[in-house]
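Enquirer:
There are 2 protein chains.
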Amino acid sequence: MRIGELASRTGVSVRSLRYYEEQGLLTSTRSSSGQRHYTDNEVERVAFIQRLYTAGLSSRTIAELLPCTESPSTENSDAALERMAQERDRLSAHIGDLIRTRDALDGLMAVNRAHREQLRVPLAG
Amino acid sequence: MRIGELASRTGVSVRSLRYYEEQGLLTSTRSSSGQRHYTDNEVERVAFIQRLYTAGLSSRTIAELLPCTESPSTENSDAALERMAQERDRLSAHIGDLIRTRDALDGLMAVNRAHREQLRVPLAG
DNA sequence: CTAGAAGCTCACATCAATGTCAGAGGCAAG
DNA sequence: CTTGCCTCTGACATTGATGTGAGCTTCTAG
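Residue numbers (the numbering used here), protein chains in the order written: chain A, 1 to 125; chain B, 126 to 250.
Below, the structure is given as structure tokens:
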């Protein structure tokens, strides 16, 4: 498929797909006239790239991890595996952080609701 | 305290503190010569701002939520409470997303480790 | 009083991902 | 063949939080 179709299938803009390629996250074969062509595999790959992006990984980091989804255990797999473990830990830490923040928000909301109750009681009582 | 002390206590740069004020996240009293002065409360407030920042909230969103930490249940509390609930949900969704991504990373690592085992067995066997 | 550290404002720089525009070429349907 | 859509490259714009530097003032320690 050409880039427009990949874009519409993945919901990622054409511009971003080209950027991903520029950053080494995505490859394409070129037709004789220079147009990019992709296989169905790329749909899944782009989805995974998006997943990592929303997890807060930078394109550079993603580039370091993604090769092993293509050909697992190439010579660079040791470093990649370590990198993945490291990002996994960072992710775990971030998740914990977000949960604490959510708890803090919950607390804040409870305080607000309680305060609102206090305001209401004098009127009701 | 002055801005430098607040910065070193919170680990946030002086530049960022001034930016927070510019965005309405933080207030300060000014000395006659124009220097910002803060109370100990601001230390905690800055920490909370940081917490929300790392949770992915924008300064504009934070500005909408933070007033209710100061004076809970002012007239705008209805909107603020709704905004908080909304951000809480967004946060929950994001947490779920991150957990799924972590799972995907775990799967990837498992595949890589398995592949490595496969490589080792022929040598060991 | 003086030197150095710290504050002030204003403005421009940076980074990463993406949008957008321009100018040119490719491709399929009438 | 032409028309309209898609694609190409290359460049500049944008957004948000922060860095950085200039030029000036204020505070503090000796």
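The C-beta atom is built at its ideal place from N, Cα and C for all residues, glycine as well. Since we're looking at a predicted model, the values are computed, not measured.
Return the first residue and the last residue of the alpha helix (DSSP H) that arginine 134 of chain B is part of.
Expert: Looking at the DSSP string, the run of the alpha helix (DSSP H) that includes arginine 134 of chain B is 128 to 135.
Enquirer: Return the bridge partner residues of histidine 162 of chain B from the DSSP annotation.
Expert: In the DSSP output, where bridge partners are listed per residue, histidine 162 of chain B has B:Thr154.
Enquirer: Alpha carbon to alpha carbon, how far is serine 158 of chain B from isoleucine 128 of chain B? Give it in angstroms, no decimals.
Expert: The alpha-carbon atoms of isoleucine 128 of chain B and serine 158 of chain B are separated by roughly 14 Å.
Enquirer: Indicate whether leucine 98 of chain A and alanine 180 of chain B have their beta-carbon atoms separated by less than 7 Å.
Expert: Their beta carbons are under 7 Å apart, which means leucine 98 of chain A touches alanine 180 of chain B by this criterion.
Enquirer: Quick check: tyrosine 38 of chain A and leucine 6 of chain A, are their CB atoms within less than 7 Å of each other?
Expert: For tyrosine 38 of chain A and leucine 6 of chain A, yes; Cβs fall inside 7 Å.
Enquirer: Whose CA, out of A:Val46, A:Thr61, A:Glu64, A:Arg83, lies closest to the CA of valine 14 of chain A?
Expert: For the residues A:Val46, A:Thr61, A:Glu64, A:Arg83, the minimum Cα distance to valine 14 of chain A belongs to A:Val46.
Enquirer: Please list the partners that asparagine 41 of chain A has in chain B, where partner means a Cβ-to-Cβ separation under 8 Å.
Expert: Per Cβ cutoff of 8 Å: no residues; asparagine 41 of chain A is ~15 Å from chain B at best.
Enquirer: Find the residues of chain B that neighbour isoleucine 99 of chain A, judging by a C-beta separation of less than 7 Å, and give them in chain order.
Expert: Simply Ile220.
Enquirer: Checking 7 Å against the spacing of the C-beta atoms, do alanine 63 of chain A and leucine 25 of chain A come in under that value?
Expert: In this structure, leucine 25 of chain A lies closer than 7 Å to alanine 63 of chain A by Cβ.
Enquirer: Within 10 angstroms of its Cβ, does aspartate 89 of chain A collect 16 or more other Cβ (buried), or is it exposed?
Expert: By the neighbour-count rule (16 or more Cβ atoms within 10 Å), aspartate 89 of chain A is not buried but exposed.
Enquirer: Going along the chain, which residues of its own chain have a beta-carbon closer than 8 Å to the beta-carbon of glutamine 160 of chain B, five neighbours each way excluded?
Expert: Excluding positions up to five away in sequence, the list reads Arg127, Ile128.
Enquirer: Please state the DSSP three-state secondary structure of alanine 47 of chain A.
Expert: DSSP places alanine 47 of chain A in helix when its eight states are reduced to three.
Enquirer: Step through the CB atoms of chain A and report whether any lies within less than 7 Å of the CB of alanine 132 of chain B.
Expert: For alanine 132 of chain B, the answer is no, since every Cβ of chain A falls outside 7 Å of its Cβ.
Enquirer: Have a look at isoleucine 95 of chain A and glutamate 22 of chain A and give me their C-alpha separation to the nearest angstrom.
Expert: Whole-angstrom Cα-Cα distance: 30 Å.
Enquirer: Any beta-carbon of chain A closer than 7 Å to the one on glycine 250 of chain B?
Expert: Because glycine 250 of chain B sits at a pLDDT of 38, beneath the cut-off of 50, its placement in the model cannot be relied upon, and the point is left open.
Enquirer: Could you give the DSSP three-state label for glycine 149 of chain B: helix, strand or coil?
Expert: Correct three-state label for glycine 149 of chain B: coil.
Enquirer: In the stretch 82 to 94 of chain A, which residues sit with their C-beta less than 9 Å from some C-beta in chain B, listed in chain order?
Expert: Cβ contacts with chain B: Met84, Ala85, Glu87, Arg88, Leu91, Ser92, His94.
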